[in-house]
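**Student:**
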Amino acid sequence: MADTLSDRIHDVIASIPTGRVATYGQIAAMAGNPRAARAVVWVLRHSERLPWHRVINSRGTISLPPGDGFELQRALLLDEGVSVTPDGRVDLTRFLWNATGGN
DNA sequence: GGCGTGACGTCAG
DNA sequence: ACTGACGCCACGC
Numbered sequence: 020m021a022d023t024l025s026d027r028i029h030d031v032i033a034s035i036p037t038g039r040v041a042t043y044g045q046i047a048a049m050a051g052n053p054r055a056a057r058a059v060v061w062v063l064r065h066s067e068r069l070p071w072h073r074v075i076n077s078r079g080t081i082s083l084p085p086g087d088g089f090e091l092q093r094a095l096l097l098d099e100g101v102s103v104t105p106d107g108r109v110d111l112t113r114f115l116w117n118a119t120g121g122n
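Letter by letter, the first sequence follows residues 20 to 122 in this note's numbering.
#1: Mind checking whether Phe89 and Gly100 have CB atoms under 8 Å apart?
#2: Leu95 and His158 - do their beta-carbons sit closer together than 8 Å?
#3: Which residues mark the beginning and the end of the alpha helix (DSSP H) in which Thr112 is found?
#4: If Ser25 and Val62 are in contact, beta carbons under 8 Å, what's the gap, nearest whole angstrom?
#5: With Phe114 and Arg39 assumed to form a contact (beta carbons below 8 Å), what rounded beta-carbon distance in angstroms separates them?
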């Protein structure tokens with residue numbers, strides 16, 4: 020039962036479609052707490068089977084520091100068709116996951 | 001029940 | 001647009 024925030028957050032992240040990205044705040048909001056972005060981080064840090072590379076911050080940039088997953092995340096997104104600049108910036112207007120838009 | 005950890009978010013300068 | 005400072009929440013010990 021997903022009666023804890025972590026479980027719901029986990030489920031939300033697992034629902035992110037390929038070729039799309041979601042922000043921490045968005046995930047937290049969908050899980051029930053718009054301000055629980057930090058909780059999303061905790062889940063990602065403690066989960067191994069999640070599309071963590073599809074999770075980025077509200078600026079639309081990769082949060083991971085270079086050398087610690089940055090390149091991997093960028094490569095995975097590029098492989099899914101998401102345009103990522105060398106700086107790690109993603110165009111949210113084009114790739115942000117629109118879960119309610121039916122898209 | 002308090003403290004530290006964690007890939008954040010928002011505002012002000 | 002970028003950086004720094006403060007606030008936010010959940011989990012393990």
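Where a beta carbon is used, it is the ideal one built from N, C-alpha and C, also for glycine.
**Tutor:** Reading off the structure:
#1: Against the first sequence, residue 89 aligns to sequence position 70. Against the first sequence, residue 100 aligns to sequence position 81. For the 8 Å CB-CB criterion, Phe89 and Gly100 do not form a contact.
#2: With the chain covering only 20 through 122, there is no way to say anything about residue 158.
#3: Residue 112 sits at position 93 when you count from the first residue of the first sequence. Thr112 -> alpha helix (DSSP H) spans 111 to 114.
#4: The residue labelled residue 25 in the question sits at position 6 within the first sequence. The residue labelled residue 62 in the question sits at position 43 within the first sequence. That pair is a contact at about 5 Å.
#5: Counting from one through the first sequence, the residue named residue 114 turns up at place 95. Counting from one through the first sequence, the residue named residue 39 turns up at place 20. Going by Cβ atoms, the distance from Phe114 to Arg39 rounds to 6 Å, so yes, they are a contact pair.
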